[in-house]
Structure formats: C-alpha cells, structure tokens
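One structure below.
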Amino acid sequence: MLQAERLLTALCQANVAFVVIGGMAAVAQGSAYVTADLDICYQRQPSNYQRLSQALQPFHPRLRGAPADLPFVLDARTLRGGLNFTLTTEGGDLDLLGEVTGLGDFEAVEAYAEEVELYGYRIWVLTLEGLILSKQA
1 MLQAERLLTA LCQANVAFVV IGGMAAVAQG SAYVTADLDI CYQRQPSNYQ
51 RLSQALQPFH PRLRGAPADL PFVLDARTLR GGLNFTLTTE GGDLDLLGEV
101 TGLGDFEAVE AYAEEVELYG YRIWVLTLEG LILSKQA
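Following this line, the structure appears as structure tokens:
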C-alpha cells in the first residue's frame, strides 16, 4: 500500500530535488484519480543522487518485477548509471524518472511544475498542462 506521506516526507527532509508527476500530481491538482504508486522526476546531479539514495534507504528499495534474489543497491552510483527505476519499497511502489517523455529532464519538467503544500511541505508538482503534454507523448 502506498504511503505517499512517508515517502515525500523523507525526500523533503533530505532536501532531494524532485517534481511529483503522474497520478499523485493529478491528485495534488484536484483530480479524484486514485493512484497506487508515487512517480517523481529527480534531478540528475551527484549531490542529489546521494540525498535521494540516502532518503530511500530506510524503505529498502528493490527493483519491481525483478526476482527477489537479484542483487540491487540503490546508491549514488546506481542512480548515476541508470535513468528510470521502477521500485518496490516498504512505503509502496515508487517510480524514479530521470526524464519524462514529452517534457525532458528535471529542469524541463520543473518548468511545468508549481509548488503546492502537501503534508506540511512545499513540494514541486507537475501542472495539469505538464501532465497532458507527457500523456500525449
């Protein structure tokens, strides 16, 4: 079960640079859509890799759909070497996207985002315009 508040709180407390996208962004924009996972676009910078991986360690992230015995460590090196990750965590399913189809990298996604208050934090969330552009692509 998705524990969005726990995941977002951990990311915010670690000062991770990210934008909420996907279903949770639609919900934050007022949609009645129900989502089973949290999708974020993260900034691809070395310091952010470190903050992101440390924030998620307590949630024991593993690759979603991969065999349980497949070795996987979400750390700065893994984030640097990859782009998009679909994870299962103890806080629910989490998708980490380095790029969003139709929009681009973090900086491009951020241009289509606005800050909203969620769970007591100011969080960048993709606007409806950005959601539509990414879905159309």
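Using my numbering, the letters of the sequence shown correspond one by one to residues 1 to 137.
Where is the CB? At the ideal position from N, CA and C, for every residue including glycine.
All of these numbers come straight from a predicted model, not from anything done at the bench.
Requested in this report: Below 7 Å CB to CB, which residues in the same chain sit around residue 1 once its five sequence neighbours on both sides are set aside?
Outcome: 92
Query raised in the report: For residue 44 versus residue 106, is the C-beta distance shorter than 8 Å?
Result: Yes, the pair counts as a contact, with Cβ atoms nearer than the cut-off.
Query raised in the report: Counting Cβ pairs, one atom from each stretch, are 3 or more of them under 8 Å apart for the segment 70 to 79 and the segment 122 to 131?
Result: Segments in contact, no.
**Report entry** Helix, strand or coil at residue 22 according to DSSP, with G and I counted as helix
**Finding:** helix
Query raised in the report: Considering residue 92, what are the terminal residues of the beta strand (DSSP E) in which it resides?
Result: 92 to 97
Query raised in the report: Which partner residues of residue 87 appear in the DSSP bridge assignment?
Result: 63, 94
Requested in this report: Confirm the yes/no value for this check: CB of residue 112, any heavy atom of the ligand MG, distance under 7 Å.
Outcome: With respect to small molecules bound, the structure shown includes none, and the ligand MG cannot be examined in it.
Query - Range of the contiguous beta strand (DSSP E) that encloses residue 122 - result: 121 to 126
Report task. Following the continuous alpha helix (DSSP H) through residue 112, name the residue where it begins and the one where it ends. Result -> Taken as a continuous stretch (DSSP letters only), residue 112 belongs to no alpha helix (DSSP H), as it is neither H nor E.
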